[in-house]
Structure formats: C-alpha cells, structure tokens
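Heads up: take any position in the sequence shown, counting from 1, add 18, and you land on our numbering. Ideal Cβ positions, reconstructed from N, Cα and C, are used throughout, including at glycine. What you are looking at is a predicted structure, and each value in this text was computed from that prediction instead of being measured. Report on the following structure.
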Amino acid sequence: MRTAVRDVMTTEVVAAQENVPFHVVAELLIRYAVSGAPVVDENNRVVGVISEADLLRKEEFKQRYYGDYYRPPLRARLRHTAGSEHGGYRKSLGQNAGDLMTAPALVTTPEASVVTAARLMDKHGIKRLPVVDAEGRLVGIVSRRDLIKVFIRDDEAIKAEVIHGLPLHAVSKVEVAVKEGVVTLSGQTDKSSEALFAARHAENVDGVVDVRDELTWKEVDTATIPPVWGGA
Numbered sequence: 019m020r021t022a023v024r025d026v027m028t029t030e031v032v033a034a035q036e037n038v039p040f041h042v043v044a045e046l047l048i049r050y051a052v053s054g055a056p057v058v059d060e061n062n063r064v065v066g067v068i069s070e071a072d073l074l075r076k077e078e079f080k081q082r083y084y085g086d087y088y089r090p091p092l093r094a095r096l097r098h099t100a101g102s103e104h105g106g107y108r109k110s111l112g113q114n115a116g117d118l119m120t121a122p123a124l125v126t127t128p129e130a131s132v133v134t135a136a137r138l139m140d141k142h143g144i145k146r147l148p149v150v151d152a153e154g155r156l157v158g159i160v161s162r163r164d165l166i167k168v169f170i171r172d173d174e175a176i177k178a179e180v181i182h183g184l185p186l187h188a189v190s191k192v193e194v195a196v197k198e199g200v201v202t203l204s205g206q207t208d209k210s211s212e213a214l215f216a217a218r219h220a221e222n223v224d225g226v227v228d229v230r231d232e233l234t235w236k237e238v239d240t241a242t243i244p245p246v247w248g249g250a
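If you want it as structure tokens, here you go:
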C-alpha cells in the first residue's frame with residue numbers, strides 16, 4: 019500500500035491564532051526553531067500560513083519606503099516587478115498573524131499519498147503543508163524532511179510489500195532481494211508481461227531506491243497487464 023501523509027506527518031504543530039500580535043509570532047518561530055506556521059481561526063480551521071519571509075516584509079519595506087539605502091536581492095526585485103509589491107507593502111503594515119499571513123493556505127489531508135504532497139510542494143516551491151481533516155481543521159503538518167522518511171524504510175518491510183503485490187502464481191517464480199532500498203528481482207516467469215508487471219510493481223513501492231531487473235521468461239506475450247494483480 020502507498021505511504022500516506024498520516025504515516026509521516028507531525029501531529030504536534032506550532033500554530034498561531036489570527037489575532038496573535040506580530041512580536042508573539044516572531045517569538046513563536048524562534049522558540050520552536052521553525053521557519054513558518056499555520057494560522058488558524060477560533061475553530062482550529064486553517065486560514066493561512068505565516069513564515070519568516072512574511073515577518074521580514076515589515077523591515078524590508080520600512081527601509082525601502084522611508085529613505086534608508088536598500089537594494090532588495092534579485093528574487094525580491096523580480097517579485098516586485100511581477101506585481102506582488104502591493105501585497106508585500108500591505109503585509110509590512112500588519113500587526114497580527116491575520117494581517118501578515120499568506121492566504122488561502124495550500125493544505126493536504128491525512129489520506130493523501132506522500133507523492134501527491136511532494137508534487138504539491140514542488141509545484142508551489144514550499145517546504146511544508148498543513149494537514150487538515152474534512153472540516154478544514156488542523157490535525158498535523160508535513161515537511162519535505164517528513165516525506166523523505168519513506169526512503170529509510172526497513173529492507174524487510176520493502177521486501178514484504180513487493181512480494182505481497184505479486185500475483186499468487188508468480189510468488190514462487192520471482193525471487194526478491196532488498197539491500198539498502200535497492201530491489202533485485204530474479205527468477206523466470208511464464209510470460210514476459212508477468213516479469214514486466216513485477217518490475218513496475220517494485221518500482222512503485224515506497225522506499226525503493228532502485229530496481230535491478232534480472233528476470234527472464236519462457237514466452238513473450240503481448241497481453242495487457244492488469245492494473246491490480248492479486249496484491250493489495
């Protein structure tokens with residue numbers, strides 16, 4: 019089975035209420051050594067996220083607009099040129115988490131796969147996602163560091179999952195060995211499609227770093243490979 023966000027997320031989350039003052043948010047991030055946190059309403063529903071970058075907007079725009087010499091880095095200048103400067107200036111005037119946060123927040127759910135969460139982070143260039151239930155209430159947070167936990171799975175656990183996903187008639191014909199996340203498949207199947215399925219299945223198991231396909235077969239066939247073959 020695919021690893022879900024619930025399997026790797028952190029349930030003890032540093033979060034801020036919308037009305038928490040600027041300096042309290044700053045103290046919160048420093049105290050818990052995090053670079054950002056979800057912002058929640060009175061019902062613990064996620065309404066946004068706040069980061070160190072959001073807090074720094076105040077100092078950045080104070081210098082820029084009140085005469086101090088300041089030349090923002092290239093990334094900031096590109097952001098200003100792209101039209102987000104007004105939003106940044108608004109944040110520089112903020113006094114609490116609700117004023118400073120980025121909204122709406124990108125979130126995920128406990129049932130989502132780690133692959134889905136990783137793709138969402140990559141697409142939007144973010145480092146963490148609040149995890150919410152069906153009502154939008156905060157139940158955890160998942161970071162890039164959490165997602166890579168799937169690559170430190172025990173070799174025996176990986177082996178068991180690879181074997182479990184094989185069709186029953188092929189289990190005795192396919193030998194599975196795992197070392198440091200690298201799966202080696204050997205043996206001889208009846209048909210080429212069975213060998214191809216075994217290799218593809220192994221590649222899709224969470225925690226697999228690479229697959230060495232040493233399988234051979236008795237007969238070349240062009241049968242369509244079923245999407246699910248005996249395993250869960």
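Under DSSP, GLN206 forms a beta bridge with THR234. With the rule of 3 Cβ pairs closer than 8 angstroms, the segment 59-66 counts as touching the segment 138-156. In the three-state reduction of the DSSP assignment, GLY116 falls in the helix class, which pools H, G and I. Across the set VAL58, HIS41, TYR50 and ARG155, the C-alpha of HIS41 shows the shortest separation from the C-alpha of LEU74.
Of the candidates VAL43, GLY205 and ASP25, the residue whose Cα lies closest to the Cα of LYS191 is GLY205. For the set LEU186, ILE181 and VAL31, the Cα lying nearest the Cα of GLU193 is the one of ILE181. Just measuring C-alpha positions, the residue of ASP117, LEU186 and GLU221 sitting nearest VAL201 is GLU221.
Per DSSP, reduced to three states, the secondary structure at ILE181 is helical. Take GLU179, set aside five residues on each side of it, and the residues of its chain with a beta-carbon closer than 6 angstroms to its own are VAL223, in chain order. Taken through DSSP and simplified to helix, strand or coil, ALA44 comes out as helix. The beta-carbon distance between ASN114 and PRO39, rounded to whole angstroms, is 5 angstroms. This is short enough to meet the 8 angstroms contact definition. In this structure, DSSP gives ALA213 a helical state, which the three-state scheme calls helix.
Considering only LEU165, MET139 and LEU118, the residue with the shortest C-alpha distance to VAL132 is LEU165.
Counting C-beta atoms within 10 angstroms of its own C-beta, HIS142 has fewer than 16 neighbours from the protein chains shown and is therefore classed as exposed. Ranked by Cα distance from ASP72, the options ASP59, LEU233, VAL31 and ASP117 are led by ASP117. For the 9 angstroms CB-CB criterion, VAL52 and GLU36 do not form a contact.
The secondary-structure analysis by DSSP pairs LEU138 with nothing; it has no beta-bridge partner.
Put simply, the backbone Cα of LEU47 is about 58 angstroms away from that of LYS209. Residue burial annotation: ARG146 is buried, with at least 16 other C-beta atoms found within 10 angstroms of its C-beta.
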